[in-house]
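Just below is one structure, and these are the notes that go with it.
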Amino acid sequence: MPNNQQIISPYVDVHTHKAYSNNEHIVGVQSFMIGEAPAPEYQGMFSTGIHPWQLLAVDPNVLKPFFLEAIEKLQPHAIGEAGIDLSISANLNKQRNLFIFQAAEAEKRQLPLIIHAVRSYSELLGIRKKHRFSGRWIVHGYRGNSQTCRSLWEAGLFISFGAALMYTATSLEDAFDDCPLNQLFLETDTVQSPTIQTLYARAASIKQISEDELRNTIFANFAGCFRIPFTEE
34 MPNNQQIISP
44 YVDVHTHKAY
54 SNNEHIVGVQ
64 SFMIGEAPAP
74 EYQGMFSTGI
84 HPWQLLAVDP
94 NVLKPFFLEA
104 IEKLQPHAIG
114 EAGIDLSISA
124 NLNKQRNLFI
134 FQAAEAEKRQ
144 LPLIIHAVRS
154 YSELLGIRKK
164 HRFSGRWIVH
174 GYRGNSQTCR
184 SLWEAGLFIS
194 FGAALMYTAT
204 SLEDAFDDCP
214 LNQLFLETDT
224 VQSPTIQTLY
234 ARAASIKQIS
244 EDELRNTIFA
254 NFAGCFRIPF
264 TEE
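Anchor point for the sequence shown: position 185 equals 218 in the numbering used here, and the numbering is continuous, going up by one each time.
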């Protein structure tokens, strides 16, 4: 007899700095900078990359070999956070070149690229076009307006929204509402509150869809973006 009960997908926290246990019905991608690594017993998904903030203290030519070694040794599920941050004093050309280097590695290895971007969305789009990158890029912690968001998802990027989505009557809410369901993610980043479950509830209310539909859609985005053959129990 067929089972007509709807299968509800796990929550996806596409960018976080905390580890999830395997029995919480949450799939989290924990972020590690170069110089950090998951604990040996860690069984979850993770990303690793050179954060632009690291350029405030270390030259990129020193960091690159460590990055390549970490990719080979750790076998991450994604590259990142990589990016360009115009709010810091690190040299823009160094940031740009290091981002291109990591984007090329992500493309070569067919891994998603999780992007830290502060006031640099036009830079990212220019790099993607100039270098003809076509990989799966995820802009994490998006806080911009609808117009900028549209330029990103029209270029094929995924947009990940975090705790800022909890504030009502903002341009970010409009950007989220405008973003196609098949190109969005949710994340907790460094915050403990709101939880990913609270973010899903808020996001579903903005989209005016059920939370179950949102969970299933984002999980489908995740499975496609990360190319992981999840199986149903």
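Beta carbons are placed, not taken as given, at the ideal position from N, Cα and C, and that holds for glycine.
Asked, Found
"Suppose contacts are defined by Cβ-Cβ distances below 9 angstroms. Is H173 in contact with S193 by that definition?", "yes"
"Does the Cβ-Cβ distance between R235 and L190 come in under 9 angstroms?", "no"
"Give me, in chain order, the residues of the same chain whose beta-carbon lies closer than 8 angstroms to that of Q143; leave out the 5 immediate sequence neighbours on both sides.", "G168, R260"
"Please name the residue or residues paired with V62 in a DSSP beta bridge.", "M78"
"Please classify F191: does DSSP put it in a helix, a strand, or coil?", "strand"
"Quick one: does the C-beta of D118 sit closer than 8 angstroms to a heavy atom of the ligand GDP?", "By its list of ligands, the structure shown contains no ligand whatsoever, and the ligand GDP lies outside what it can speak to."
"Grab me the residues of R248's own chain with a C-beta within less than 7 angstroms of its C-beta, minus the 5 sequence neighbours each way, in chain order.", "I41, S42, Y44, Y233"
"I need the straight-line Cα distance from K106 to A136, nearest angstrom please.", "19 angstroms"
"Starting from K114, trace the beta strand (DSSP E) both ways and give me its first and last residue.", "As written in the sequence, residue 114 is Glu, which differs from the Lys given in the question. Run containing E114: 111 to 118, per the beta strand (DSSP E) assignment."
"Inspect the beta-carbon positions of W170 and P213 and report whether they are closer than 9 angstroms.", "no"
"Among residues of its own chain, excluding the 5 on either side of L7, which ones have a beta-carbon nearer than 6 angstroms to its beta-carbon?", "Outside the shown range of the chain, which is 34 to 266, sits residue 7, and nothing can be said about it."
"Is A52 closer than 9 angstroms to Q39 when the C-beta atoms are compared?", "no"
"I'd like the span of the beta strand (DSSP E) that includes I171, first residue to last.", "170 to 172"
"Ordered along the chain, which non-local residues of its own chain (more than five positions away) have a Cβ less than 7 angstroms from that of P227?", "A196, M199"
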